[in-house]
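For the sequence shown, the residue numbers in numbering that gives the first Met the number 0 are 0 to 152. Glycine included, every Cβ here is placed at the ideal spot set by N, Cα and C. What follows is one structure encoded as structure tokens, with my remarks underneath.
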Amino acid sequence: MRNRAFGTEDRDAAARTASQRGEINILVAGLVPALIIAIGLVVDGGGRLQAADEAQYAAEQAARAGAQEQDISEAQYGRPPTLDPAAAAATAEAHLAAAGVRGQVVYVQDASIRVRATVTYETKFLSLIGIPSLSAEGSAEARAVRGITQEGS
């Protein structure tokens, strides 16, 4: 076996390798956070859109349920439908609670009820940059009507 002396070429290569340890390309260091933000916008933006759909659906269902609570004493005499405000609000709020959604009845007036619902989406990627959650809101109004084709008469 031949015993080779450690030459200058080998020393230069070893010095270059040792001096490059721990270095990171500045471009990579800048692109990684930008990539995380871009992925976060896509994933968490989609999650927020889904939360908005859920909030809208919950508000619509709660308003429809509340609109079923008509004041029977008015309906008995053939008058246009009106809502029992306490019963309509309680029914709408019960539907929101059953759906696991925060919200409130905005108003109950004559034959109309308006409900607002809020859903909070817990972020997956944007929490890495300090945005732990996104909220989405939906609102809906329902109106009690008589019959199928004619409103209020």
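- Hey, out of 97, 59, 92, whose CA is closest to residue 104's CA? 92
- Query: Does the region 63-82 come within contact of the region 20-39, defined as at least 3 CB pairs closer than 8 Å?
  - Reply: no
- Measure the beta-carbon distance from residue 113 to residue 106 and round it to whole angstroms, keeping in mind my assumption that it falls under 8 Å. 5 Å
- Query: Expressed to the nearest angstrom, what Euclidean distance is found between the alpha-carbon atoms of residue 43 and residue 76?
  - Reply: 53 Å
- Message: Here's the rule I'm using: 16 or more other beta-carbon atoms within 10 Å means buried, otherwise exposed. How should residue 100 be labelled?
- Response: buried
- Task: Please state whether DSSP places residue 42 in a helix, a strand or coil.
- Result: helix
- residue 29, buried or exposed, once every other Cβ within 10 Å from all chains shown has been counted against 16: exposed
- Does DSSP put residue 29 in a helix, in a strand, or in coil? helix
- Along the alpha helix (DSSP H) that carries residue 91, what are the first and last residues, could you check? 84-98
- Message: Judging by CA-CA distance, which residue of 56, 122, 102 is the nearest neighbour of residue 45?
- Response: 122
- Query: Is residue 55 helix, strand or coil when you go by DSSP?
  - Reply: helix
- Between the CA atoms of residue 71 and residue 129 - distance to the nearest angstrom: 53 Å
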